[in-house]
C-alpha cells in the first residue's frame, strides 16, 4: 500500500509556527504535533484503502479550541492554574512530567537549600514544550515499519532534568499503531515524576450509551461528586449542559508481563 510522511507548518492566529507531522500508512492517518510535546492531534481510519468514498472513523474530539495553539501563547498559571486548557484539543496529550493532575501546592528545595512552596499548574508542562529533535525512519526489512521519533526535554538547573524519548510507529497497510515512550532522569538524584496519557474521544466512537470495558481489580471515585455515579461509571451519557467532570481511578488486572487491555 502507498504511504507517506509529511511535515507542515501552520499559519495564522495562535497556531502560527506550529508544526505537524502526518503519517499516512494507507489505512490510518496519524497527525503528530512536535510543537506541543509530540502529542497526537487525531487519528483517522480511512473508509477504504484507496482514499475514496467516505470520511472514515475519526479518533479525536470536538474541542472548543480549534487551533493547534503554539506554546508561546499559553500561560499555564492563568485562571488559577488552568491555562493548560487554552491549548487542549488533542486526541492524546501527555500530562507531566514533574507533576500532573489538578492545580495545587507542593514543597521543593531551592538553590540555597531552603524548603519553599511552589504552585502546581494543571497537568504540568510537557504538553507545551516543543520537541528539540524529530526524526523519521523506515525499517529496511519487512514489514517496513514507519517510525517518527521525538525528544522533549523538561529540564532546569536546581530542578528536574527529565527527557522524554517517544516513538510513534505504524506498518503500511495496518490498522494499528504504537506509542513507545522512554523517560530518562539525567540528574544525579532520584526524581519523582507523574505521567498521564490524556486520551480523548468524541463522535463517532464516543456517543450516548458507549461503554468502557476493562478487567479491573478496583475502581475508586476521585471525589464525592464522582462517587454519586460510580454504579454507572462504565456508560457514557449524551453531552449535557453544565455537566461537572466525573473521574474514576481504575486499577486494571494485568498479565505476567504487566500488560492489560481496555476497550471502548
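In this note's numbering, the protein residues as written are 818 to 1081.
Even for Gly, the Cβ is constructed at its ideal location relative to N, Cα and C.
Give me, in chain order, the residues of the same chain whose beta-carbon lies closer than 6 Å to that of residue 998; leave out the 5 immediate sequence neighbours on both sides. For the purposes of this step, residue 998 is taken as the residue at position 181 of the chain shown. The residues are 983.
Of the choices 874, 1078, 1065, whose alpha-carbon is the least far from that of residue 1020? Looking up residue 1020 in the chain shown gives position 203. Residue 1020 has its Cα closest to that of 874, out of 874, 1078, 1065.
Please list, in chain order, all residues of the same chain as residue 1023 whose beta carbon is under 8 Å from its beta carbon, the five residues on each side excluded. Counted from its first residue, the chain shown places residue 1023 at position 206. So the list reads 878, 1053, 1081, once near-sequence residues are dropped.
Taking residue 1160 as the reference, which of 846, 844, 894, 850 has the closest Cα? Residue 1160 lies beyond the residue range present for the chain, which begins at 818 and ends at 1081; the question has no answer from this structure.
Beta-carbon contacts of residue 966 that lie in its chain and below 6 Å, excluding the five residues immediately before and after: As a first step, residue 966 is located in the chain shown; it is residue number 149 there, counting from the start. Around residue 966: 952, 984.
Just to confirm my understanding: we take residue 880, look at its own chain, exclude 5 residues before and 5 after, and list those with CB closer than 7 Å. What are they? By one-based count along the chain shown, residue 880 stands at place 63. Cβ within range, chain order: 905, 906.
Cα separation between residue 854 and residue 1050? Within the chain shown, numbered from 1, the residue matching residue 854 stands at position 37. Within the chain shown, numbered from 1, the residue matching residue 1050 stands at position 233. When the Cα atoms are used, residue 854 and residue 1050 turn out to be separated by approximately 30 Å.
Assigned secondary structure, residue 1048 (DSSP; H/G/I helix, E/B strand, else coil): For the purposes of this step, residue 1048 is taken as the residue at position 231 of the chain shown. Of the three classes helix, strand and coil, the one that applies to residue 1048 here is helix, per DSSP.
Hey, residue 988 and residue 947: beta-carbon distance below 7 Å or not? Residue 988 sits at position 171 when you count from the first residue of the chain shown. Residue 947 sits at position 130 when you count from the first residue of the chain shown. Taking 7 Å as the Cβ cut-off, residue 988 and residue 947 do not qualify as a contacting pair.
What does the alpha-carbon distance come out to for the pair residue 1066 and residue 1035? Residue numbering aside, residue 1066 sits at position 249 when the chain shown is read from its first letter. Residue numbering aside, residue 1035 sits at position 218 when the chain shown is read from its first letter. Each residue's alpha carbon lies about 8 Å from the other.
Own chain, CB closer than 8 Å to residue 1064, minus 5 neighbours either side, in chain order: Counting from 1 along the chain shown, the entry for residue 1064 is found at position 247. Cβ neighbours of residue 1064 within its own chain (closer than 8 Å, five residues either side excluded): 1038, 1039, 1040, 1043.
Sorted by chain position, which residues of the same chain lie with C-beta nearer than 8 Å to residue 909's C-beta, five sequence neighbours on each side aside? By one-based count along the chain shown, residue 909 stands at place 92. Counting only Cβ-Cβ distances below 8 Å, and skipping sequence neighbours, we find 856, 857, 996, 1014, 1015, 1016, 1017.
Residues in its own chain within less than 6 Å of residue 962 by CB, not counting five upstream and five downstream? For the purposes of this step, residue 962 is identified with residue 145 of the chain shown, where counting begins at 1. 956, 986, 988.
Between 921, 1026, 915, 830, which has its C-alpha nearest residue 882's C-alpha? As a position in the chain shown, residue 882 is number 65, starting the count at 1. That would be 830, whose Cα lies nearest to the Cα of residue 882.
For a test of the three-state rule: what should DSSP assign to residue 898, helix, strand or coil? Locating residue 898 in the chain shown gives position 81, counting from the first residue. Looking at residue 898 - three-state DSSP - the assignment turns out to be helix.
DSSP three-state label for residue 991, please. Counting from one through the chain shown, the residue named residue 991 turns up at place 174. In this structure, residue 991 counts as coil in the three-state DSSP scheme.
Comparing C-alpha positions only, which one of 1073, 819, 1071, 1028 sits nearest to residue 1055? Locating residue 1055 in the chain shown gives position 238, counting from the first residue. That would be 1028, whose Cα lies nearest to the Cα of residue 1055.
Nearest-angstrom Cβ-Cβ length linking residue 912 and residue 941, presumed shorter than 8 Å: The residue you call residue 912 lines up with position 95 of the chain shown. The residue you call residue 941 lines up with position 124 of the chain shown. That pair is a contact at about 6 Å.
How about residue 822 and residue 840: are their beta carbons less than 7 Å apart? Along the chain shown, read from residue 1 onward, the residue named residue 822 stands at position 5. Along the chain shown, read from residue 1 onward, the residue named residue 840 stands at position 23. Taking 7 Å as the Cβ cut-off, residue 822 and residue 840 qualify as a contacting pair.
As a quick exercise: from 921, 848, 884, 890, pick the residue whose alpha carbon is nearest that of residue 876. Position 59 of the chain shown, counting from 1, holds the residue named residue 876. When only C-alpha atoms are compared, the closest one is 848.
Just the C-alpha distance for residue 974 and residue 819, rounded to the nearest angstrom, thanks. As a first step, residue 974 is located in the chain shown; it is residue number 157 there, counting from the start. As a first step, residue 819 is located in the chain shown; it is residue number 2 there, counting from the start. Their backbone Cα atoms lie some 46 Å apart in a straight line.
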